[in-house]
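For the protein sequence lines, the chains are A and B, in the order given.
In terms of my numbering, the first sequence opens at residue 1 and continues consecutively.
In terms of my numbering, the second sequence opens at residue 117 and continues consecutively.
Even for Gly, the Cβ is constructed at its ideal location relative to N, Cα and C.
These numbers were taken from a predicted model, which means no experiment stands behind them.
Have a look at the structure below before the remarks.
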Amino acid sequence: GAGVSQSPRYKVAKRGQDVALRCDPISGHVSLFWYQQALGQGPEFLTYFQNEAQLDKSGLPSDRFFAERPEGSVSTLKIQRTQQEDSAVYLCASSLAPGANYQPQHFGDGTRLSIL
Amino acid sequence: KNEVEQSPQNLTAQEGEFITINCSYSVGISALHWLQQHPGGGIVSLFMLSSGKKKHGRLIATINIQEKHSSLHITASHPRDSAVYICAAQYGGSQGNLIFGKGTKLSVKP
């Protein structure tokens, strides 16, 4: 497809389980962002990749969160030992340029994660 | 701290009304984005602007750099405009990650 694709769309996990969320950006897009959106809030920055390099992970809330983009295209956000406060929509966005200033960001539909 | 504030949080309008959503930010930015989010999570980029005014169909976005303020206007509103509208700022640097407002939930009644 032409847009950013995220999977799964919905994920329910028990507290303590590990989860993996996938983002398939638009082909050729260099910049990739992960955002976390809690219910009723605006998205918040988690991490940024330029190709395969994770240049900023300052937004990751704890060391249970890990993101990778090994070949500079598909990215995976992994959350270990999930907690209830991890319940949120996880959004992925990509942008053509290295460094997305003055560039539109194209968003996926998000993965809605619910931790029971 | 870089912050983005939006108002109102919720807005109900009758079909055909002119709608304004406001956004203010705390320090100088490289660009200001207006985004639309429908139920289910998908986000669509409406505008990206760093000065002046942009128009697309019934949507108009303006920005006042000196006052650190932007507005999104919808003319002749329609029920299909019902969505959450989010303002997001880019604060420069090499990355361009966005700082988001909390969004304005718009409901347009027929």
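**Item:** For E68/A, the three-state DSSP class (helix, strand or coil)
**Value:** strand
**Per-residue contacts from T71/A into chain B (C-beta, under 9 Å)** = With the sequence shown as reference, residue 71/A is identified as Glu, and Thr is not the correct amino acid for it. Within chain B, no residue comes near E71/A; the closest Cβ sits about 20 Å away, beyond 9 Å.
**Request:** Using alpha carbons as the reference points, say which of H29/A, L60/A, G16/A and A67/A lies closest to I115/A.
**Result:** G16/A
**Prompt:** Taking the alpha carbon of G212/B as the point to measure from, which residue in E71/A, F33/A and L39/A has its own alpha carbon closest?
**Reply:** F33/A
**Asked** For R9/A, which three-state DSSP category applies?
**Response** coil
**Request:** Give the DSSP-derived three-state secondary structure of R196/B in the structure shown.
**Result:** helix
**Asked** Mind checking if L175/B is an interface residue toward chain A, Cβ cutoff 8 Å exclusive?
**Response** no
**Request:** My understanding is that F49/A touches S75/A, with C-beta atoms under 8 Å, so please give their C-beta distance in whole angstroms.
**Result:** 6 Å
**Item:** is_contact[G168/B, chain A] using C-beta, thresh 8 Å
**Value:** no
**Prompt:** If you follow the beta strand (DSSP E) that H189/B is part of, which residue opens it and which one closes it?
**Reply:** H185 to I190
**Asked** Under 8 Å between the Cβ atoms of G108/A and V89/A?
**Response** no
**Message:** If you measure between the beta carbons of P25/A and S161/B, is that distance less than 8 Å?
**Reply:** no
**Asked** So A177/B and S186/B are in contact, right, with Cβ under 8 Å, and what is the actual spacing, rounded?
**Response** 7 Å
**Message:** Which of the three DSSP states is assigned to E121/B in this structure?
**Reply:** strand
**Item:** Exposed unless 16 or more other CB atoms sit within 10 angstroms - verdict on D86/A
**Value:** buried
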